[in-house]
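>
In the working numbering, the protein residues as written are 13 to 343.
1) I'd like the span of the alpha helix (DSSP H) that includes residue 129, first residue to last.
2) Hey, would you say residue 273 sits closer than 8 Å to residue 247, going by beta carbons?
3) Can you tell me where the alpha helix (DSSP H) holding residue 14 begins and where it ends?
4) I'd like to know if residue 154 contacts chain D, where contact means its C-beta is closer than 8 Å to some C-beta of that chain.
5) Would you mind sorting residue 46 into buried or exposed? The rule is 16 or more other CB atoms within 10 Å of its CB.
6) For a test of the three-state rule: what should DSSP assign to residue 46, helix, strand or coil?
7) Going by C-alpha to C-alpha distance, which of 251, 62 and 168 sits closest to residue 282?
8) Give a yes or no on whether the C-beta atoms belonging to residue 249 and residue 271 are separated by under 8 Å.
9) Out of curiosity, what's the CA-to-CA distance linking residue 29 and residue 153?
10) Taking 8 Å as the threshold (C-beta atoms), are residue 134 and residue 160 in contact?
11) Give every residue of the same chain whose Cβ lies closer than 7 Å to the Cβ of residue 285, excluding the five residues on either side of it in the sequence, and list them in chain order.
12) Quick check on the DSSP output: the alpha helix (DSSP H) that includes residue 174 runs from which residue to which?
13) Taking the straight line between their C-alpha atoms, what separation do you get for residue 24 and residue 157?
14) Give the secondary structure of residue 307 by DSSP, where H, G and I count as helix, E and B as strand, and everything else as coil.
15) Could you check the C-alpha separation between residue 204 and residue 187 for me, to the nearest Å?
16) Taking residue 120 as the reference, which of 21, 100, 296 and 303 has the closest Cα?
17) In whole angstroms, what separates the C-alpha of residue 253 from that of residue 130?
18) If you follow the beta strand (DSSP E) that residue 89 is part of, which residue opens it and which one closes it?
19) What does the Cβ neighbour count give for residue 73, buried or exposed, with the cut at 16 atoms within 10 Å?
20) Shortest alpha-carbon distance to residue 26 belongs to which of 306, 320, 150 and 145?
21) By DSSP, does residue 199 sit in helix, in strand, or in coil?
22) So, at 8 Å on beta carbons, what are the nonlocal neighbours of residue 178 in its own chain, with the 5 sequence-adjacent residues on each side left out?
23) With 16 as the cutoff for other CB atoms within 10 Å, does residue 35 come out buried or exposed?
24) Name the one or two DSSP bridge partners that residue 70 has.
25) Hey, residue 93 and residue 115 are a contact pair by Cβ (cut 8 Å); roughly how many whole angstroms apart?
26) What span of residues does the alpha helix (DSSP H) with residue 23 cover, start to end?
27) Sort 61, 260 and 242 by Cα distance to residue 287 and report the nearest one.
28) Taking the alpha-carbon positions, what's the residue 257 to residue 224 distance?
29) Is DSSP giving residue 189 helix, strand or coil here?
30) What did DSSP end up calling residue 333 once you bin it into helix, strand or coil?
31) Could you check the C-alpha separation between residue 55 and residue 44 for me, to the nearest Å?
32) Out of 139, 144 and 162, state which residue places its alpha-carbon closest to the alpha-carbon of residue 151.
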């Protein structure tokens, strides 16, 4: 069996498909070279006979017509990364199955977020920042922190990441609130979370973490009408999407209320933080999009998809198929 490998960026591709991973992948079939939109014409004969494909970040975007032209034998795409929103629909419309390693990418984000929530409840971030300059203020801030016992945590979005965070929070003596209009009461009970409105989360919770899906209609959903409800010494964590936060309005909240903390791993303009008002807020802790898979972690996504491909090829039940219906509500 022939297997197509798709990836526009060699660096991103090699982080996921290391030599060790490729050794395992070769056990499934004959691999093509890495194929992009630029070189697909050169490898069209090789791609034509491929029944399955593996890809990751930098997956080329193909139209329905291009898929029919170049990949007439293709039956399934195994995407070793998270969201498939930007490329999947034409494949699905051609009857080609799409699988995603979103659950594998959720693991490091959930681990990262869990750690941030626990540290935020202890007042770690502002205490650490102040200690070198104003140690007395640092001690004072730490003494006003709620701590983990009885801390009210709000999770916004209960997709793969939100649910993983909720499960990890079960290790702490915290109260978990959540907002997600697509989650049933039964699922919420299973996760031991209480479903409430966005307004209640911002007015009630000590630590708030965003995990909403990446949807155009959610742009600037977090604005001053919500920020003004935040309690003293509360923390808002965003490892989701920068576009969902009205950054100037959040900066205003942070300037007017120094005890409130923002932890942002994503911004609207991540490569130009100096132009962001949050960059100049003392109580904003910003990191360069590190919550997701980094270091050796991207390999996990490839291994998830290799196991998924084995199940698919042997006719067994798969776990991570993305249907058109699922695509409408996923990140």
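For each residue, glycine too, the CB sits at the ideal point set by N, CA and C.
Once the coordinates are examined:
1) One-based indexing of the chain shown puts residue 129 at position 117. Start and end: 114–133.
2) As a position in the chain shown, residue 273 is number 261, starting the count at 1. As a position in the chain shown, residue 247 is number 235, starting the count at 1. Result yes, Cβ atoms of residue 273 and residue 247 sit closer than 8 Å.
3) As a position in the chain shown, residue 14 is number 2, starting the count at 1. In the DSSP assignment, residue 14 falls outside any alpha helix (DSSP H) and lies within the beta strand (DSSP E) extending over 14–18.
4) Absent here is chain D; the protein component of the structure consists of one chain.
5) In the chain shown, residue 46 corresponds to position 34, counting from 1. Residue burial is scored here from C-beta neighbours: residue 46 has at least 16 other C-beta atoms within 10 angstroms and is therefore classed as buried.
6) Here residue 46 corresponds to residue number 34 of the chain shown, with the count starting at 1. Residue 46 falls in the strand class under three-state DSSP.
7) For the purposes of this step, residue 282 is taken as the residue at position 270 of the chain shown. Measuring from the Cα of residue 282, the nearest candidate turns out to be 251.
8) On the chain shown, position 237 is the one that residue 249 refers to. On the chain shown, position 259 is the one that residue 271 refers to. Against a cut-off of 8 Å, the Cβ pair of residue 271 and residue 249 comes out as no contact.
9) Taking the first residue of the chain shown as 1, we reach residue 29 at position 17. Taking the first residue of the chain shown as 1, we reach residue 153 at position 141. Cα to Cα, the separation comes out at about 45 Å.
10) Sequence index remark: in the chain shown, residue 160 carries index 148 (1-based). Sequence index remark: in the chain shown, residue 134 carries index 122 (1-based). Contact: yes.
11) The count along the chain shown starts at 1 and reaches residue 285 at position 273. Cβ-Cβ distances below 7 Å link residue 285 to 279, 291 and 298 in the same chain, with the five nearest sequence neighbours on each side left out; the list follows chain order.
12) Translated into the one-based positions of the chain shown, residue 174 becomes position 162. 172–181 is the extent of the alpha helix (DSSP H) around residue 174.
13) As a working note, residue 24 is residue 12 in the chain shown. As a working note, residue 157 is residue 145 in the chain shown. For the pair residue 24 and residue 157, the Cα-to-Cα distance works out to about 40 Å.
14) Position 295 of the chain shown, counting from 1, holds the residue named residue 307. Note: residue 307 maps to coil in three-state DSSP.
15) Residue mapping note: residue 204 aligns to position 192 of the chain shown, counting from 1. Residue mapping note: residue 187 aligns to position 175 of the chain shown, counting from 1. Taking the straight line joining both Cα atoms gives about 9 Å.
16) Here residue 120 refers to the residue found at position 108 when the chain shown is read from its first residue. Closest option to residue 120, Cα to Cα, is 303.
17) Within the chain shown, numbered from 1, the residue matching residue 253 stands at position 241. Within the chain shown, numbered from 1, the residue matching residue 130 stands at position 118. So the alpha carbons of these two residues sit roughly 21 Å apart.
18) Reading the chain shown from its first residue, position 77 is the one you call residue 89. First-last of the beta strand (DSSP E) with residue 89: 88–91.
19) To locate residue 73, count along the chain shown from 1; it is residue 61. Burial call: exposed.
20) For the purposes of this step, residue 26 is taken as the residue at position 14 of the chain shown. The shortest Cα separation from residue 26 among 306, 320, 150 and 145 belongs to 306.
21) For the purposes of this step, residue 199 is identified with residue 187 of the chain shown, where counting begins at 1. If DSSP states are grouped into helix, strand and coil, residue 199 belongs with the helices.
22) Residue mapping note: residue 178 aligns to position 166 of the chain shown, counting from 1. Same-chain partners within the cutoff: 167, 170, 188, 190, 203, 204 and 205.
23) Numbered from 1 along the chain shown, position 23 holds the residue referred to as residue 35. When all chains shown are included, residue 35 counts as exposed.
24) Translated into positions along the chain shown, residue 70 becomes position 58. DSSP, once it has assigned bridges, lists no residue as partnering residue 70.
25) Numbered from 1 along the chain shown, position 81 holds the residue referred to as residue 93. Numbered from 1 along the chain shown, position 103 holds the residue referred to as residue 115. Not a contact, Cβ separation roughly 12 Å.
26) Counting from 1 along the chain shown, the entry for residue 23 is found at position 11. Element bounds for residue 23: 22–28.
27) Residue 287 sits at position 275 when you count from the first residue of the chain shown. Of 61, 260 and 242, the residue nearest in Cα terms is 260.
28) Looking up residue 257 in the chain shown gives position 245. Looking up residue 224 in the chain shown gives position 212. Spanning the two alpha carbons is a distance of roughly 11 Å.
29) Numbered from its first residue, the chain shown carries residue 189 at position 177. The answer is strand: DSSP assigns residue 189 an E or B state.
30) Residue 333 sits at position 321 when you count from the first residue of the chain shown. Note: residue 333 maps to strand in three-state DSSP.
31) Here residue 55 is taken as the residue at index 43 of the chain shown, counted from 1. Here residue 44 is taken as the residue at index 32 of the chain shown, counted from 1. Cα-Cα distance, rounded: 8 Å.
32) The residue labelled residue 151 in the question sits at position 139 within the chain shown. If we check each option's Cα against that of residue 151, 139 comes out closest.
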